[in-house]
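*Asks:* Residue numbers for the sequence shown follow our numbering, beginning at 2 and rising by one. Just so it is clear, CB atoms sit at the ideal spot from N, CA and C, and this is done for glycine as well. Just so you know, these numbers come straight off a predicted model, no measurement behind them. Just passing along the structure, written as structure tokens.
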Amino acid sequence: MSVVIVGGNDCMVRRYKDLCKQYDCQAKVFTQMKDGLKNKIGCPDLLVLFTSTMSHKMLRYALNETKGQDSMIVARSHSSSMSALRNILEEHAC
Numbered sequence: 002m003s004v005v006i007v008g009g010n011d012c013m014v015r016r017y018k019d020l021c022k023q024y025d026c027q028a029k030v031f032t033q034m035k036d037g038l039k040n041k042i043g044c045p046d047l048l049v050l051f052t053s054t055m056s057h058k059m060l061r062y063a064l065n066e067t068k069g070q071d072s073m074i075v076a077r078s079h080s081s082s083m084s085a086l087r088n089i090l091e092e093h094a095c
């Protein structure tokens, strides 16, 4: 399963990826708005949006890039903690 995480904390990127690996998921993490973000998201199975740590522009790019992909699951969380990601993965990746 492929997971794209948008938002979150810069210092947590490695921990997000390691947690996804424990659930047999490949993860891409975008914590900041960079050039080409909307071209790098791709077609994930699960899109995780940490809404408290991302800009409105970043949210719009992520949602517009994945518009029309019916098989993709979008999970939003106001918290960008490890337990929030673990709960999302428990619900959708198992």
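1. Determine the closest residue to V4 out of M34, H79, V75, with distance taken between C-alpha atoms.
2. Which value, in whole angstroms, describes the spacing of the CA atoms of K58 and I42?
3. Buried or exposed: G69, going by 16 or more other Cβ atoms within 10 Å of its Cβ?
4. If contacts are defined as beta-carbon pairs under 8 Å, then I62 and L38 qualify, I think. What distance do you get, rounded to the angstrom?
5. According to the Cβ coordinates, are V7 and M83 closer than 8 Å?
*Replies:* For this structure:
1. V75
2. Straight-line Cα distance between these residues: approximately 15 Å.
3. So G69 counts as exposed.
4. According to the sequence shown, residue 62 is Tyr rather than Ile. Confirmed, Cβ separation roughly 6 Å.
5. no
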